[in-house]
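Asker: Pasting a structure below so you can have a look.
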Amino acid sequence: MRAADALCEALKAEGVEHVFGIPGGANLPTYDALYDAELIHIQARHEQCAGHAAEGYAKASGRVGVAMATSGPGATNLVTPIADAMMDSVPTVFVTGQVRTDLIGTDGFQEADVTGITLPVVKHSLLVTDPRQIPDYVHEAFHIASTGRPGPVLIDVPQDLSRADIEYMPIEGTPELPGYKPPTEGNIKQIRIAAKALANARRPVIYGGGGIVNANASEEFREFCASDKLPVTLTVMGLGAFPAPHEQWLGMLGMHGTRTANYAMDEADLIVCVGARFDDRITGKLAEFAPRAKFVHIDVDPAEISKNVPAHIPIVGDAKDVLPKLTREYRALKTDSERLDDWWKRIREWQTTYPLRYEDSRDSEIKPQFMIEAMYEATGGDAIITSDVGQHQMWAAQYYHFNQPRRWLNSGGLGTMGFGLPAAIGAKVARPDDTVVCLAGDGSLVMVCQEFATAAFHNIPVKVFLMNNGHFGMVRQWQELFWEERYKSVEMGPSPDWPRLAEAFGWTGMQCADKSELRDAMQTALETDGPVLLDVHVTKDENCYPMIPAGAAARDMVG
Amino acid sequence: MGEPGTQDVVRLEDLEASRQLTGRKHILSLLVENKPGVLARIAGLFSRRGFNIDTLAVGPTEDPDVSRITLTLDGAVHPIDQVTKQLHKLVNVIKIRDMEPDGTVAREMALFRVNAAVESRAEIMQFAEIYDAKIVDVSRRSLTIEVTGAQEKIDSFERMIRPHGLIEMARTGEVAISKSRPEH
């Protein structure tokens, strides 16, 4: 069998149904194989977006997302989604074409050392040097991408090798990788110590992150938090792992988190971190982060433990394994939940004094926060929401109360503008029965608007709700607050006529600039067949609050 | 405290986080798959995480599929624990040993080319003898000397020989092996 056909067979053997990509010279054999293979290929309009679509697919479904590109510029265009998948631990496999082996190293046409370029941003990469490696490499790639802490794996296939003839045998079982043994079970002694420490805590906070979502451990997390009604906060990546409207819910923490969550971290005596990594957007000024707290840190990646914040009780393991054990051990201690009464009283005071709030307009102007609330109502809080990066992302995190995991897909770690539309396309392919809404920023959407063609061509009925404030809003906010209002290159200038632009690609285009019409407009957009763009004109200079200024401590939140 | 459900307590004030810096030199011995690009992965990891390698030596092992990389690092500057955990994440890294100073034999080889005018030649050769070093090349103006030993011995030889006019020096970086049990 031709190696390229074996590649497709190997992908199918891993359960792949959909592949996102763009053909080119060096991966022509693979695309020739796709002609016959029973794989659905979604033809993106830019490789970066093929990659983000694969990420959206993976985040929405928990399955490995696959993207393909040709050599050289095709492959380098994948660098952003690969780095994005690395930062957010998204299980993905990227298959790139490479120039013929006799051209490698000669600066051949469309040659780029993509294996070298991506080394710092892959979980692993495999450069095919013998066509017979292909089935094994595909199997290894899926195993590595999807186990332990998930991440991107690159397979680079030289053009001539993918045309070679090989014998194909499906590969089964766990691949033999002497240097790859991801931990699964947490150490029970450590878990017991953690349970006992928690039993002694008077001001505990449970701080969860995207690791819970990746481990499909939201149920186990909720059950653990239900013990003694522990206070819960989540990172932007963790939203949905705990149902947002809930008596134990403090709101998101971090730079644009609630005052309640950040103050609780600041005063906590014990913080149990589950699948999060003490990112600088969480800790603010590291030296003053949670100064009174001891830390239990549960993570499947041992290198995360004590990387930024030294852990007092480290537990290396999969949240799905560790959390039920921790719950059992903790409940066996028959603790007195009343010991937390004073703590809850303090938390309720903060919640009353510092609720999330904004000043609504008195006229027809649409405030961005109002737009998120309208979106929440229009979708019944039940849609898969993708977002770009910036103010709209933070407002969505604050005001769209995610109550299920895998419903909030955004670029948290790398902060990639333009993530939303391609991720929505990927998510809709993965979960065609769910409503998928991309909450876009106008600065971001213009970076990827060629993907309107992808959705139209494949008839992928995503809805884009564009929060149009005519600016790179978050950068504008920083220039206002920290750079003496010296606004530079943050205005979008003459905005495209978004509805007409979308219509030019075969979408339905809509516009709304009146608060009283917004909910109806959203409803209409959701009920209209096919892909729809709703351009929503919002306040141009609204700031996203509250906020921990960069480098400041949590208790010094502003706004 | 290991028993489930027992009431013995873990007091929060007694909890301590593990120490980050050890303050001494560490020798890390890595067994890695003998595949293209493995060294680039390790070097890249060090540079992007801001870890500084003092010495690095790469060579084969008794198993042709496995290479050994010996690294020395300053534990006063780097949290060695974090370094080894990051290295472990590389799929091609099979095993890492943070060599115990007492249970380890570590050796480095160095070549020195030294000015050796006729009047100082005898003295240099005497130093060489004391350090169990070998004269491997002789010319009219210089001597080339091979020294093997622990890093400190080579440092010391360098200090002795430098006043005579050190023209060039090449050092391999330490390789190390544990004294008793074999690794695989």
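Protein chains in written order, with numbering that gives the first Met the number 0: chain A, 0 to 558; chain B, 0 to 183.
Even for Gly, the Cβ is constructed at its ideal location relative to N, Cα and C.
Remember, predicted model here, so these are calculated numbers, not experimental data.
Given a cut-off of 7 Å on the beta-carbon distance, is the pair ILE424(A) and ALA49(A) in contact?
Answerer: Contact: no.
Asker: Out of curiosity, what's the CA-to-CA distance linking GLN476(A) and THR114(A)?
Answerer: Taking the straight line joining both Cα atoms gives about 38 Å.
Asker: Are three or more beta carbon pairs between the region 273-286 of chain A and the region 242-259 of chain A nearer than 8 Å?
Answerer: Yes, since at least three Cβ pairs between the region 273-286 of chain A and the region 242-259 of chain A fall closer than 8 Å, the two stretches touch.
Asker: Cβ-heavy atom distance between SER363(A) and the ligand SAH below 6 Å?
Answerer: Because no ligand of any kind appears in the structure shown, any question about the ligand SAH cannot be addressed here.
Asker: State the CB to CB distance for the pair THR259(A) and ILE346(A), rounded to an integer number of angstroms; the pair is presumed to be in contact (CB under 8 Å).
Answerer: 6 Å between Cβ atoms; contact.
Asker: Can you grab the Cα-Cα spacing for the pair HIS245(A) / HIS296(A), in whole Å?
Answerer: Each residue's Cα considered, the two are about 24 Å apart.
Asker: If you reduce the DSSP assignment to three classes, tell me which class HIS25(B) lands in.
Answerer: Three-state DSSP puts HIS25(B) in a strand.
Asker: Closest to ASN307(A) by C-alpha separation, out of ALA275(A), VAL89(A) and ALA318(A), would be which residue?
Answerer: Among ALA275(A), VAL89(A) and ALA318(A), the Cα nearest to that of ASN307(A) belongs to ALA275(A).
Asker: Taking Cβ-Cβ distances below 8 Å as the criterion, which residues of the region 26-38 of chain B are in contact with chain A?
Answerer: Against chain A - using a Cβ distance shorter than 8 Å - the residues of the region 26-38 of chain B are VAL31, GLU32, PRO35 and GLY36.
Asker: When DSSP labels each residue in this structure, what does TYR347(A) get in the three-state scheme?
Answerer: The sequence shown places Arg at residue 347(A), rather than the Tyr named in the question. Three-state DSSP puts ARG347(A) in a helix.
Asker: Taking Cβ positions only, does LEU285(A) come closer than 7 Å to chain B?
Answerer: LEU285(A) does not count as touching chain B.
Asker: Find out if the Cβ-Cβ distance for the pair PRO203(A), ILE165(A) is shorter than 7 Å.
Answerer: Contact: no.
Asker: Compute the distance between the beta-carbons of GLN397(A) and ASN409(A), then report whether it is under 7 Å.
Answerer: No; because the gap between Cβ atoms is not below 7 Å, this pair is not in contact.
Asker: Answer with yes or no whether the minimum CB distance from PRO301(A) to chain B is below 7 Å.
Answerer: Closer than 7 Å to some Cβ of chain B, the Cβ of PRO301(A) qualifies, so yes.
Asker: Residues in the same chain with beta-carbon distance under 6 Å from ALA56(B), minus the five sequence neighbours each way, listed in chain order, please.
Answerer: THR69, THR171, GLY172 and VAL174.
Asker: So what's GLN19(B) in DSSP terms, helix, strand or just coil?
Answerer: In this structure, GLN19(B) counts as coil in the three-state DSSP scheme.
Asker: Determine, for ALA195(B), whether the minimum Cβ-Cβ distance to residues of chain A falls below 7 Å.
Answerer: Coverage of chain B is limited to positions 0 through 183, which leaves residue 195(B) absent and any answer about it impossible.
Asker: Out of curiosity, what's the CA-to-CA distance linking CYS543(A) and MET473(A)?
Answerer: When rounded, the distance between both Cα atoms is 8 Å.
Asker: Expressed to the nearest angstrom, what Euclidean distance is found between the alpha-carbon atoms of THR523(A) and LYS514(A)?
Answerer: Approximately 15 Å, taken between the alpha carbons.
Asker: At least one CB of chain A closer than 7 Å to the CB of HIS77(B): is that the case?
Answerer: No, because no Cβ of chain A sits closer than 7 Å to the Cβ of HIS77(B).
Asker: Thinking C-alpha only, which one of THR128(A), GLN449(A) and LEU339(A) is nearest GLN42(A)?
Answerer: Per the Cα distances, GLN449(A).
Asker: For the alpha helix (DSSP H) containing THR173(A), name the first residue and the last one.
Answerer: Taken as a continuous stretch (DSSP letters only), THR173(A) belongs to no alpha helix (DSSP H), as it is neither H nor E.
Asker: My output table needs one value for THR259(A): the three-state DSSP class, helix, strand or coil.
Answerer: THR259(A) falls in the helix class under three-state DSSP.
Asker: Which residue spans inside the region 443-502 of chain A form an unbroken beta strand (DSSP E) run of at least 3?
Answerer: Runs of the beta strand (DSSP E) inside the region 443-502 of chain A: 462-467.
Asker: Shorter than 7 Å from the beta carbon of ALA549(A) to some beta carbon of chain B?
Answerer: With 7 Å as the cut-off, ALA549(A) does not count as an interface residue toward chain B.
Asker: Keeping to the same chain, check which residues put their C-beta closer than 6 Å to that of VAL212(A); ignore five residues upstream and five downstream.
Answerer: Here the set comprises ALA240 and PRO404.
Asker: Please look up how many angstroms separate the CB atoms of TRP506(A) and PHE451(A), rounded, as I've assumed it's under 8 Å.
Answerer: About 6 Å separates the two Cβ atoms, so the contact holds.
Asker: Can you name, in chain order, every residue of its own chain whose Cβ lies under 8 Å from the Cβ of ILE81(A), other than the five neighbours on each side?
Answerer: For ILE81(A), where only same-chain residues beyond five positions count, the Cβ hits under 8 Å are GLY50, THR91, PHE93, THR117, VAL120, VAL121, PRO151 and LEU153.
Asker: Would you mind telling me which residues of chain A sit closer than 8 Å to GLY43(B), beta carbon to beta carbon, in chain order?
Answerer: The answer, in chain order, is LEU118 and PRO119.
Asker: If I measure Cβ to Cβ from ILE166(B) and keep anything under 8 Å in the same chain, skipping five residues before and after, which residues do I get?
Answerer: So the qualifying residues of the chain are ARG112, VAL113, ASN114 and SER141.
Asker: Using Cβ-Cβ distances below 8 Å, what residues of the region 192-213 of chain A are close to chain B?
Answerer: The region 192-213 of chain A vs chain B, Cβ under 8 Å: ILE192, LYS195, ALA196, ALA198, ASN199 and ALA200.
Asker: Quick one: is ILE39(A) buried, meaning 16 or more other Cβ sit within 10 Å of its Cβ, or exposed?
Answerer: The residue in question, ILE39(A), is exposed, as its Cβ has fewer than 16 Cβ neighbours within 10 Å.
Asker: Please list, in chain order, the residues of the region 12-25 of chain B that have any C-beta partner in chain A closer than 7 Å.
Answerer: Hits within the stretch, in order: LEU14, GLU15, ALA16, SER17 and GLN19.
Asker: Pull up the distance between the alpha-carbon of SER17(B) and that of TRP343(A), whole angstroms please.
Answerer: So the two alpha carbons sit approximately 31 Å from each other.
Asker: Give the list of continuous beta strand (DSSP E) stretches no shorter than 3 residues that lie fully inside the region 138-166 of chain A.
Answerer: 151-157, all fully within the region 138-166 of chain A.
Asker: Just mark LEU285(A) as buried or exposed, buried being the case when its beta carbon has 16 or more other beta carbons within 10 Å.
Answerer: LEU285(A) is exposed by the Cβ-count criterion.
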